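Note sheet for the following structure.
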Amino acid sequence: DAMQQVSGLARTARGPSMSASPGKVEIQGVTEIQGEKVFALRFIQGRNPDWVQRPFYAKYDPEATWLDHLEPAFGEERFFFEDEYAELREEKLAAAAQD
Numbered sequence: 001d002a003m004q005q006v007s008g009l010a011r012t013a014r015g016p017s018m019s020a021s022p023g024k025v026e027i028q029g030v031t032e033i034q035g036e037k038v039f040a041l042r043f044i045q046g047r048n049p050d051w052v053q054r055p056f057y058a059k060y061d062p063e064a065t066w067l068d069h070l071e072p073a074f075g076e077e078r079f080f081f082e083d084e085y086a087e088l089r090e091e092k093l094a095a096a097a098q099d
């Protein structure tokens, strides 16, 4: 997908966004799915380009101010990117320890 190859400077954020460690996340809005009020989110830029444009959902929390304050919706234990992001961090830390 062409959007995955474009730098973050060339992308237009359509809503509020946050630059978190896994990547830049756009908050697309609040919606209700299967009776659950949720934040609709997507990566504008991600540590893995495959994450870009992929929608994901967090439980609605009016007190949340950052990505790490959010919990996955629909009873999921983790967001789709969390396991891979943890692996990427471990690899980076291991490489730094060897230097």
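Sequential numbering from 1 applies to the sequence shown in this note's numbering.
Ideal Cβ positions, reconstructed from N, Cα and C, are used throughout, including at glycine.
Just so we're clear, the structure is a prediction, and the values are computed from it rather than from any experiment.
Give the secondary structure of residue i by DSSP, where H, G and I count as helix, E and B as strand, and everything else as coil.
i, result
"residue 41", "strand"
"residue 60", "coil"
"residue 49", "helix"
"residue 73", "coil"
Is the separation between the beta-carbon of residue i and that of residue j shorter than 8 Å?
i, j, result
"residue 42", "residue 32", "no"
"residue 40", "residue 28", "yes"
"residue 88", "residue 47", "yes"
"residue 85", "residue 16", "no"
With residue i as the anchor, note down where its beta strand (DSSP E) starts and where it stops.
i, result
"residue 28", "23-33"
Look at the alpha carbon of residue i and the alpha carbon of residue j, and state the distance between them as a whole number of angstroms.
i, j, result
"residue 38", "residue 80", "16 Å"
"residue 59", "residue 73", "5 Å"
"residue 44", "residue 24", "5 Å"
"residue 35", "residue 95", "45 Å"
What residue does the alpha helix (DSSP H) around residue i start on, and which one ends it?
i, result
"residue 88", "82-98"
Kindly examine the ligand ZN and report whether one of its heavy atoms sits closer than 7 Å to the Cβ of residue i.
i, result
"residue 98", "No copy of the ligand ZN appears in this structure; indeed no ligand is present at all."
Give the C-beta separation of residue i and residue j to the nearest angstrom, bearing in mind that I take them to be a contact with Cβ-Cβ under 8 Å.
i, j, result
"residue 67", "residue 97", "Not a contact, Cβ separation roughly 26 Å."
"residue 70", "residue 83", "The pair is not a contact, with the Cβ atoms about 17 Å apart (cut-off 8 Å)."
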